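Novice: Just passing along the structure, written as structure tokens.
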Amino acid sequence: MTAYVVRRVLSAVLLLLSISLVTYLVFYTIPTNPACVVVDCGPGNHTTPEQLHAAEHLIGVDQPVLVQYGHFLWRLVSRGSLGRSFTGNESVTAIIGQTLPVTASLVLGGAVLLLLLAVPLAIVAARRPRSPVDRGLLAAAIVGIAVHPFVLAIGLRSIFARHLGIAPRGGYCTLLPSDGCSGPASWAYHMYLPWLTFALFFLPLYMRMIRARVLETMGEQFVIAARAKGVPESRLVVSHVLRNTMGPVLAMVAVDLGTAITAAIYVETIFGLPGLGHEAVEALAGAGGYDLPVVVGIVLTIAVGVTLLNTAADLAIAGLDPRVRLGAGKGLLRLPRPVARVARRVPPRVAWAGAAAVVAALGGLLAWNATRSSGANAGAAPASLLSGPVQTLPAGWSETKPLEDGQMVFRVRAIEVGRRGWLVRGSVENRSRTAYTIAFGRNAGATAGFSVLEPATLGLRVLPATAFRPALPPVLAPGGRWSGAFAGTSAIPHGKFLYVGFGYFLPARPADESSTPLLARDGFNWLTTHTFRVSR
Amino acid sequence: MRAPTTAAQELPAPAPEAVPARGYWRDVWRRFLDDRAAVAALALLVFIVFSCFAGESIASHFLGHGSDELFPFATSDNLTPRGPFAWVPDVHSAYPPPNAHTPTTLFLLGADGPTGRDEFLRLLSGGQISLEIALGATLVAALIGITLGVLSGYFGGWADAAVSAATEFAMAFPLLLLVIAIGQTIADRFDFVTLHGLFEPGVLSLSVVIGLFMWFHPAKIVRSLILTLRESEFVEAARMTGASNRRIVVRHLLPHIAGPVLVWSTMVVASVIVLEAALSFLNFGVKLPAASWGTLLSANWGTLLSFSNQPPIQTTAWTMALPAVCVFLTVLSLTLVGDGLRYALDPRGEGS
Numbered sequence: 035m036t037a038y039v040v041r042r043v044l045s046a047v048l049l050l051l052s053i054s055l056v057t058y059l060v061f062y063t064i065p066t067n068p069a070c071v072v073v074d075c076g077p078g079n080h081t082t083p084e085q086l087h088a089a090e091h092l093i094g095v096d097q098p099v100l101v102q103y104g105h106f107l108w109r110l111v112s113r114g115s116l117g118r119s120f121t122g123n124e125s126v127t128a129i130i131g132q133t134l135p136v137t138a139s140l141v142l143g144g145a146v147l148l149l150l151l152a153v154p155l156a157i158v159a160a161r162r163p164r165s166p167v168d169r170g171l172l173a174a175a176i177v178g179i180a181v182h183p184f185v186l187a188i189g190l191r192s193i194f195a196r197h198l199g200i201a202p203r204g205g206y207c208t209l210l211p212s213d214g215c216s217g218p219a220s221w222a223y224h225m226y227l228p229w230l231t232f233a234l235f236f237l238p239l240y241m242r243m244i245r246a247r248v249l250e251t252m253g254e255q256f257v258i259a260a261r262a263k264g265v266p267e268s269r270l271v272v273s274h275v276l277r278n279t280m281g282p283v284l285a286m287v288a289v290d291l292g293t294a295i296t297a298a299i300y301v302e303t304i305f306g307l308p309g310l311g312h313e314a315v316e317a318l319a320g321a322g323g324y325d326l327p328v329v330v331g332i333v334l335t336i337a338v339g340v341t342l343l344n345t346a347a348d349l350a351i352a353g354l355d356p357r358v359r360l361g362a363g364k365g366l367l368r369l370p371r372p373v374a375r376v377a378r379r380v381p382p383r384v385a386w387a388g389a390a391a392v393v394a395a396l397g398g399l400l401a402w403n404a405t406r407s408s409g410a411n412a413g414a415a416p417a418s419l420l421s422g423p424v425q426t427l428p429a430g431w432s433e434t435k436p437l438e439d440g441q442m443v444f445r446v447r448a449i450e451v452g453r454r455g456w457l458v459r460g461s462v463e464n465r466s467r468t469a470y471t472i473a474f475g476r477n478a479g480a481t482a483g484f485s486v487l488e489p490a491t492l493g494l495r496v497l498p499a500t501a502f503r504p505a506l507p508p509v510l511a512p513g514g515r516w517s518g519a520f521a522g523t524s525a526i527p528h529g530k531f532l533y534v535g536f537g538y539f540l541p542a543r544p545a546d547e548s549s550t551p552l553l554a555r556d557g558f559n560w561l562t563t564h565t566f567r568v569s570r
Numbered sequence: 132m133r134a135p136t137t138a139a140q141e142l143p144a145p146a147p148e149a150v151p152a153r154g155y156w157r158d159v160w161r162r163f164l165d166d167r168a169a170v171a172a173l174a175l176l177v178f179i180v181f182s183c184f185a186g187e188s189i190a191s192h193f194l195g196h197g198s199d200e201l202f203p204f205a206t207s208d209n210l211t212p213r214g215p216f217a218w219v220p221d222v223h224s225a226y227p228p229p230n231a232h233t234p235t236t237l238f239l240l241g242a243d244g245p246t247g248r249d250e251f252l253r254l255l256s257g258g259q260i261s262l263e264i265a266l267g268a269t270l271v272a273a274l275i276g277i278t279l280g281v282l283s284g285y286f287g288g289w290a291d292a293a294v295s296a297a298t299e300f301a302m303a304f305p306l307l308l309l310v311i312a313i314g315q316t317i318a319d320r321f322d323f324v325t326l327h328g329l330f331e332p333g334v335l336s337l338s339v340v341i342g343l344f345m346w347f348h349p350a351k352i353v354r355s356l357i358l359t360l361r362e363s364e365f366v367e368a369a370r371m372t373g374a375s376n377r378r379i380v381v382r383h384l385l386p387h388i389a390g391p392v393l394v395w396s397t398m399v400v401a402s403v404i405v406l407e408a409a410l411s412f413l414n415f416g417v418k419l420p421a422a423s424w425g426t427l428l429s430a431n432w433g434t435l436l437s438f439s440n441q442p443p444i445q446t447t448a449w450t451m452a453l454p455a456v457c458v459f460l461t462v463l464s465l466t467l468v469g470d471g472l473r474y475a476l477d478p479r480g481e482g483s
């Protein structure tokens, strides 16, 4: 047992090292310059090479990858710090400290619901294999994967929240009571739809798996013996069959929960939960590039989660099945013999206490770092790269969107946010054969190209654009191009998300054609949106 | 493929009037035919595959328009797509407006969205792409997985250790984050690898990426099977007659793992179709105007980066339900076929 504990800790350390190294290497082979997250380097930018170098130096990407990785490791070991986000300059440990509880409550609660649904259904199906009941349950379960989790989540939300009014439309409340929306009751109230979505996504797979295992066990000799002895059927299922079935199921749950970030991304996006998946999309979908420190932090968090869950699964399997012995392992992952020999003399209780102490110390170091650095965000802001009282958001991207008969090229060169307004510089070029009506920071009331997302309610509050220089043409003719700036006078609160986007109306029809006037919001299509967080 | 030999088949026939022994695969086929639901599912599956791969060109020949063509008047004035069985003015431009003499063309299942393409044809051509991706990804995953599984299971030692470590790594590494990053940056370059136009853009890259997601499942299955098989008598006998490792693996072991891998494949083809839809939401899918079931689904809901991108008025129950029904039928029939196959291959345990 002690050998098992030592092996677990060592392999976890190796796994974390290799995963973080691979993340660094992979993200540096993707040909974008991380400094473009800080300064504008899109086409038509005004960034000087000195500013670019300054930005690269500021976030430390002017050094070789391995040196950066070494710095990362040293920071982690010496100060318990995962570094700072490229974009917001926030501490990554603080970001993960805020987002991890959300994802953990989603994934763990969803797993409990999943098992509560899957085990009884699988037993019902396995009692009469290949009968109409079995097949009907299979078909019902497959609906869960045939309609994508995205669709499933939106459907559930629409039924429960909009039509029945028995669920919130989104948002998250903390489990522990604090000020604002919190406490177990509102936590569960806000989480039950996400849990249901999560469980339904995995349900078919688990139902099939548990059903197959139950069928297999039902044919075993000890089940036949127990039945011959006159053990009641319910007891037979629970204490003979299920006990022998749950080991592999738990192992599979552990692996799937670690990788459940896939499902979590969708569920969190739709239900407006500020969790790891949402943060990962934010970090990867930012302007121009991705936020490597945040990505590495999330990857490591997931890997730690996988390791912990695998350990828990190992222990549960060993508890359920006395034949399983947890030992020094096999092959490459085996403990070296001398270490194993020493480990054999240490009582398991001491080993567990030691491992728990190591984990607690590391967690404490990270938590300490998170609380210490969460308040001090603005300190190292790249002030030297900005001019005046205006905050320039990291912009500078261009997108070529395929349309049906050509392309639309959209560029944003700069976004400036001041205390009393905002301004976007950019251009749009119609390289298609159709005339389009362009919605580029359109007037209030309509869906606009520039809007603020309020994460608590998921409602899009539209910021009206009041000035266009030069004026937007009524219709952008084929080959036409508009280049300039548009601005609004809304103040954007600190910490809010900005969605900067661009849309088109299709097709531009003659006004006299339709009896009802074409409303501004009808026929509107987003071509692209980019997300920013204002941190002043 | 040569049938695995069992001891029973080797015995000489005890009496001249004895029924000749059936081959293993013929036996499997007979058991499969006993399961009526599985046979019906197989028929449905063959029908789906045939209509996806051949149906689009046949249907567009009779309907007179293609799956990528735009019909401005296939939508109502506020751009809601027309419903099923709609006769649509056969013009590609909003000018001049159609009148009573304008020829019309039939949209069997209505239009796909505000741009007015034929939903029926897009479901067919999208099905082809979805199935191509699913089969391609399964093939990639099975090739990698079988190779690594055989290596680690048969040779053991360092090969086993290395493969186990790689499996653990692949399981803990959130590849989806990598996919998002690729989708954000260099997906366009990958997507245009088409083997001289044999595939639509994006199909090959998606197959490879999804295959890299999945190889460790077959690797684990194959490894555990080989671990027990390599100790069996027939392998020992083959080794005694001087068979090389290669011959043992190819002639004696691979036929035994064909069944479980086949069952795994039917399950995984289904989940790749769903995953392809998922990646379409992540900006890493086939590109317009080509369609897949995933992009047809996501056309209604937008992508992760700009979700619910269309106002509700522009989507109809039809455009939401039809791709979902297609995915549902395919997944259901695949699962039923896999179920029947699993039983036919191993009638006693029904185990995987």
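These protein sequences, in sequence, are chains W and S. Our numbering numbers the first residue of the first sequence as 35 and each following residue consecutively. Our numbering numbers the first residue of the second sequence as 132 and each following residue consecutively. Virtual Cβ for every residue (Gly too), placed ideally from N, Cα, C. Predicted, not measured: the structure shown is a model, and the values here were computed from it.
Got a sec: is the Cβ-Cβ distance from residue 49 of chain W to anything in chain S below 7 Å?
Specialist: Here the question's residue 49 of chain W lines up with position 15 in the first sequence. It does: the Cβ of residue 49 of chain W has a partner Cβ on chain S nearer than 7 Å.
Novice: So, residue 116 of chain W versus residue 133 of chain W, is the Cβ gap smaller than 7 Å?
Specialist: Position 82 of the first sequence, counting from 1, holds the residue named residue 116 of chain W. Position 99 of the first sequence, counting from 1, holds the residue named residue 133 of chain W. No. Outside cutoff.
Novice: Could you name the residues of the same chain whose beta carbon sits closer than 6 Å to that of residue 343 of chain W, not counting the 5 residues immediately before and after it, in chain order?
Specialist: The residue labelled residue 343 of chain W in the question sits at position 309 within the first sequence. Cβ within range, chain order: 288, 291 and 292.
Novice: In this structure, how does DSSP classify residue 362 of chain S when only helix, strand and coil are distinguished?
Specialist: Residue numbering aside, residue 362 of chain S sits at position 231 when the second sequence is read from its first letter. Three-state result, residue 362 of chain S: coil.
Novice: Compare the C-beta of residue 196 of chain W against all C-beta atoms of chain S and say whether one is closer than 7 Å.
Specialist: Reading the first sequence from its first residue, position 162 is the one you call residue 196 of chain W. Residue 196 of chain W does not count as touching chain S.
Novice: Count the other CB atoms within 10 Å of the CB of residue 157 of chain S; is the residue buried (16 or more) or exposed (fewer)?
Specialist: The count along the second sequence starts at 1 and reaches residue 157 of chain S at position 26. Result: exposed.
Novice: Are there 16 or more other CB atoms within 10 angstroms of the CB of residue 279 of chain W, so buried, or fewer, so exposed?
Specialist: If you number the first sequence from 1, residue 279 of chain W lands on position 245. That one is buried.
Novice: Anything in chain S within Cβ reach of residue 336 of chain W, meaning under 9 Å, just list it in chain order.
Specialist: The residue labelled residue 336 of chain W in the question sits at position 302 within the first sequence. Within chain S, the residues near residue 336 of chain W are 303, 304, 305 and 308.
Novice: For residue 97 of chain W, which three-state DSSP category applies?
Specialist: By one-based count along the first sequence, residue 97 of chain W stands at place 63. Coil.
Novice: In its own chain, which residues sit with a C-beta less than 7 Å from the C-beta of residue 159 of chain S, not counting the 5 before and 5 after it?
Specialist: Reading the second sequence from its first residue, position 28 is the one you call residue 159 of chain S. Closer than 7 Å at the Cβ level, and outside the excluded window around residue 159 of chain S, lie 475 and 476.
Novice: Using only the alpha-carbon positions, how far apart do residue 150 of chain W and residue 190 of chain W sit?
Specialist: Against the first sequence, residue 150 of chain W aligns to sequence position 116. Against the first sequence, residue 190 of chain W aligns to sequence position 156. Distance between the alpha carbons of residue 150 of chain W and residue 190 of chain W is about 19 Å.
Novice: Name, please, each residue of chain A whose Cβ falls closer than 8 Å to the Cβ of residue 53 of chain W.
Specialist: Chain labels in this structure do not include chain A; the protein chains are W and S.
Novice: Terminal residues of the continuous alpha helix (DSSP H) containing residue 464 of chain W?
Specialist: Within the first sequence, the letter at position 430 stands for residue 464 of chain W. Element bounds for residue 464 of chain W: not the alpha helix (DSSP H) but the beta strand (DSSP E), 456-466.
Novice: Can you round the beta-carbon distance between residue 264 of chain S and residue 337 of chain S to whole angstroms, since I take them to be within the 8 Å contact cut?
Specialist: As a working note, residue 264 of chain S is residue 133 in the second sequence. As a working note, residue 337 of chain S is residue 206 in the second sequence. That belief holds up - the Cβ atoms of residue 264 of chain S and residue 337 of chain S are roughly 5 Å apart, short of 8 Å.
Novice: How would you list, in chain order, the residues of chain S whose beta-carbon sits under 8 Å from the beta-carbon of residue 244 of chain W?
Specialist: For the purposes of this step, residue 244 of chain W is taken as residue 210 along the first sequence, with counting starting at 1. The premise fails here: residue 244 of chain W is roughly 12 Å from chain S at the closest Cβ pair, so nothing lies under 8 Å.
Novice: Which residues bound the beta strand (DSSP E) around residue 238 of chain S?
Specialist: In the second sequence, residue 238 of chain S corresponds to position 107, counting from 1. Looking at the DSSP string, the run of the beta strand (DSSP E) that includes residue 238 of chain S is 235-238.
Novice: Starting from the beta carbon of residue 359 of chain S, find every residue of chain W whose beta carbon is closer than 9 Å, and list them in chain order.
Specialist: Numbered from 1 along the second sequence, position 228 holds the residue referred to as residue 359 of chain S. Simply none; closest approach about 15 Å.
Novice: 7 Å is my cut-off, CB to CB: does residue 356 of chain S come that close to chain W?
Specialist: Here residue 356 of chain S is taken as the residue at index 225 of the second sequence, counted from 1. Chain W, which has no Cβ nearer than 7 Å to the Cβ of residue 356 of chain S, makes this no.
Novice: From the beta carbon of residue 462 of chain S, is the nearest beta carbon of chain W less than 7 Å away?
Specialist: In the second sequence, residue 462 of chain S corresponds to position 331, counting from 1. Interface residue, yes.
Novice: Report back the beta-carbon spacing between residue 175 of chain W and residue 227 of chain W to the nearest angstrom; my notes put them in contact at under 8 Å.
Specialist: Position 141 of the first sequence holds residue 175 of chain W. Position 193 of the first sequence holds residue 227 of chain W. That belief does not hold up - the Cβ atoms of residue 175 of chain W and residue 227 of chain W are roughly 19 Å apart, past 8 Å.
Novice: Using CA coordinates, which residue listed in W/314, W/446 and W/285 is at the minimum distance from residue 299 of chain W?
Specialist: The sequence position of residue 299 of chain W within the first sequence is 265, counting from 1. Residue 299 of chain W has its Cα closest to that of W/314, out of W/314, W/446 and W/285.
Novice: What residues from chain W crowd round residue 168 of chain S, counting only those whose CB sits closer than 8 Å?
Specialist: Here residue 168 of chain S refers to the residue found at position 37 of the second sequence. Correct list: 164 and 169.
Novice: Considering residue 446 of chain W, what are the terminal residues of the beta strand (DSSP E) in which it resides?
Specialist: Taking the first sequence and counting its residues from 1, one reaches residue 446 of chain W at position 412. Unbroken beta strand (DSSP E) run through residue 446 of chain W: 440-451.
Novice: Looking at C-alpha atoms only, which residue of S/371, S/464 and S/177 is the closest neighbour of residue 399 of chain S?
Specialist: Here residue 399 of chain S corresponds to residue number 268 of the second sequence, with the count starting at 1. The residue with the shortest Cα to Cα distance from residue 399 of chain S is S/464.
Novice: Please report how far the alpha carbon of residue 22 of chain W lies from the alpha carbon of residue 109 of chain W, in whole angstroms.
Specialist: Given a span of 35 to 570 for chain W in the structure shown, any question on residue 22 of chain W remains unanswerable.
Novice: In whole angstroms, give me the CA-to-CA distance for residue 191 of chain S and residue 198 of chain S.
Specialist: Sequence index remark: in the second sequence, residue 191 of chain S carries index 60 (1-based). Sequence index remark: in the second sequence, residue 198 of chain S carries index 67 (1-based). Each residue's alpha carbon lies about 7 Å from the other.
Novice: Just list the residues that DSSP pairs residue 219 of chain S with in beta bridges.
Specialist: Translated into the one-based positions of the second sequence, residue 219 of chain S becomes position 88. Bridge partners of residue 219 of chain S: S/236.
Novice: For the alpha helix (DSSP H) holding residue 146 of chain W, just list the boundary residues, first then last.
Specialist: Here residue 146 of chain W corresponds to residue number 112 of the first sequence, with the count starting at 1. First-last of the alpha helix (DSSP H) with residue 146 of chain W: 126-161.
Novice: From residue 363 of chain S to residue 246 of chain W, what does the alpha carbon distance come to, in whole angstroms?
Specialist: In the second sequence, counting from the first residue as 1, residue 363 of chain S sits at position 232. In the first sequence, counting from the first residue as 1, residue 246 of chain W sits at position 212. One C-alpha to the other measures close to 25 Å.
Novice: Locate the alpha helix (DSSP H) running through residue 348 of chain W, then write down its first and last residues.
Specialist: Residue mapping note: residue 348 of chain W aligns to position 314 of the first sequence, counting from 1. Run containing residue 348 of chain W: 326-354, per the alpha helix (DSSP H) assignment.
Novice: Please confirm if residue 265 of chain S has its CB atom under 7 Å from at least one CB of chain W.
Specialist: Residue mapping note: residue 265 of chain S aligns to position 134 of the second sequence, counting from 1. No, residue 265 of chain S lies away from the interface with chain W (no Cβ there is under 7 Å from its Cβ).
Novice: Evaluate the contact criterion for the stretch 380-388 of chain W versus the stretch 90-106 of chain W: three or more CB pairs, one atom per stretch, below 8 Å.
Specialist: In short, these stretches do not touch, since the Cβ pair count stays below three.
Novice: Along chain S, which residues have their Cβ under 8 Å away from the Cβ of residue 292 of chain W?
Specialist: For the purposes of this step, residue 292 of chain W is identified with residue 258 of the first sequence, where counting begins at 1. 302 and 303, listed in chain order.
Novice: Using 8 Å as the cut-off, can you tell me whether the stretch 274-290 of chain S makes contact with the stretch 379-388 of chain S, which would need three or more C-beta pairs spanning the two stretches below that distance?
Specialist: Verdict: yes, contact present.
Novice: At a threshold of 6 Å, does residue 235 of chain W count as lining the ligand PLP (C-beta to nearest heavy atom)?
Specialist: Ligands are entirely absent from the displayed structure, and the ligand PLP is therefore not among its contents.
Novice: Mapping the DSSP letters down to three states, classify residue 158 of chain S as helix, strand or coil.
Specialist: Counting from 1 along the second sequence, the entry for residue 158 of chain S is found at position 27. Helix.
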